[in-house]
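The structure under discussion appears below in the form of structure tokens.
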Amino acid sequence: MAHIVIIGAGIGGLPMAFEMRALARPQDKVTVVSNTPTFHFVPSNPWVAVNWRDRDAIEMDIGPALAKRKIEFTALGAKRVHPDENRVELGDGSSLRYDFLVIATGPKLAFDEIPGLGPAAMGGHTQSICHVDHAVVAEKNWQSFVKNPGPIVVGAVQGASCYGPAYEFAMIMDTDLKRRKIRDKVPMTFVTAEPYIGHLGLGGVGDSKGILESAMRDRHIKWICNAKTTKIEAGKMYVTEHNDDGTPKKDHVLDFKYSMMLPAFKGVDAVFGIEGLTNPRGFILIDEFQRNPKFKNIYSVGVCVAIPPVEATPIPVGAPKTGYMIESMVTATAHNIRSALDGQAPVKKATWNAVCLADFGDSGVAFVALPQIPPRNVNWFSEGKWVHLAKIAFEKYFMRKMKAGTSEPIYEQLVLKTLGIKKLKG
Ligand code: FAD
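Per this note's numbering, the very first residue in the sequence shown carries number 15; after that it's consecutive.
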């Protein structure tokens, strides 16, 4: 009997538990350690922040879903991983021993790296949509804002790796303001570390630059690229725009009445600074099999894995880890742990293909980047109303899958196969 422990029950951790249970031997035990009793569907947080979605619709209890598949669960959280002892120290000081560990903790949000960044509860002056708790607060502030509108600053700071939701939220706010007939009272500026609009941390995808610039112009959203956000005060953001050679070009002081800036990510405290396990930012080091090179019984999936930037940029821009890419990591990991259980070497490699739907409220954009780093075999970016509908359908589908305790039903495999999208290499 082997004990497989998964830390984190988010977009990566929960499907990981279901796939692992299906692939492990009957006598093996699978345990999920979460620091919260609930799962929430992160991609829908922007809708919660403008009250287009209730948090109840995108949140569910983890325990019952795991119990259906005979997967053990604790919501005590991982305080510290002790890889030399094959042990996870839990929030109450007790320990859980493992034969295999999968780290799927997502990111720690690095609001502290810029003075004044982040929600008021963390001492900041901006909103966040990274967690549903933040999105609920952002929504309360949105309701106050629309009663007394003014300038908006929205975007992503230096070192961020998640740009899609910044564009998404800018467009969603634009749509919501138009519906309220107050868009004319809201000058909007998009501030981003990306070297150009539509870079997305991917070096662009298809005509993402042209399509997103056009969408921003169409919606009267100004932008500042190569931007370093230096500090934020109540209602004021200090931003230095840079030239392509990285030298400062212009200092901006932007007034705002409402602002959402995506922060940079780093690794969570439970693993930060463990020699050989993490890089200097606390992301888990992995090989092509999702396995840590030093601690070979530790695997990792999702936003917490270390991935280098796609290309050098004047201001640091990280590579995004999108949902489908995470699912491909999950499938490869489950197969590789099964191989290890059978005494064999791991062989499965995730494709890390970037496939994404970004909602604009009334329409949206979809992209497929195969592989993630250009030049690519598939490089497709498209705008249309269908994306908005597809994103709603995907949220409902994913929540249903998680409640039922399945990771990838056969019909999903068939659809992806038809589209030529594969999770595993070869
Ligand atoms: P998470 O989903 O964040 O899950 C990590 C889990 O680990 C959390 O439940 C956390 O509480 C838990 N945890 C953390 N520390 C501990 C600990 N010490 N012990 C136990 N548990 C712990 N990608 C797309 O493809 N499409 C989208 O539309 C999309 N929209 C996004 C919108 C936003 C606002 C953001 C931030 C990201 C979006 N992404 C999207 C990117 C990506 O899919 C998500 O970030 C996704 O949630 C990442 O999954 P994850 O499992 O790595 O992390």
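Using N, Cα and C, we set each Cβ at its ideal position, and we do this for glycine too. All values derive from a computational prediction rather than experimental measurement.
Query	Result
Assumed close pair I321, K335 - CB separation to whole angstroms, cut-off 8 Å	7 Å
Paired residues, beta bridge with P323 - DSSP	Answer is none; P323 lacks a bridge partner.
For Q157, the residue or residues it bridges with in DSSP	None; Q157 has no bridge partner.
Per-residue burial, V315 [other beta carbons within 10 Å of its own, 16 or more giving buried]	buried
DSSP three-state assignment for E127, whether helix, strand or coil	helix
At least three beta-carbon pairs within less than 8 Å, the segment 284–300 to the segment 197–212	no
Short Cβ contact (8 Å threshold) for E86 with V344	no
Sheet register partners of C370 (DSSP bridge)	F381
Through-space distance from Q141 to F191, alpha-carbon basis	First, the residue type needs correcting, since residue 191 is Leu and not Phe in the sequence shown. Looking at the two C-alpha atoms, the distance is approximately 17 Å.
For I340, three-class secondary structure by DSSP	helix
Boundaries of the beta strand (DSSP E) in which T244 is found, first to last residue	241–247
Residues that DSSP places opposite L291 in a beta bridge	According to DSSP, L291 bridges with nothing at all.
Whole-Å CB distance - V146 paired with N59, under 8 Å assumed	6 Å
Helix, strand or coil at D113 according to DSSP, with G and I counted as helix	coil
Rounded separation between D269 and M339 - CA only	37 Å
Where D188 falls, given that 16 or more other Cβ within 10 Å makes a residue buried	buried
V151 to A63 span [Cα, whole Å]	8 Å
Nearest-angstrom beta carbon gap, W366 and P385 [assumed within contact, 8 Å]	7 Å
Cα-Cα separation, G378 to A333	21 Å
Assigned secondary structure, D70 (DSSP; H/G/I helix, E/B strand, else coil)	helix
Of the listed residues K236, P40, P163, nearest to K195 (C-alpha basis)	P163
Those runs of the beta strand (DSSP E) which lie wholly inside the segment 217–273 and span at least 3 residues	235–238, 241–247, 250–256, 262–269
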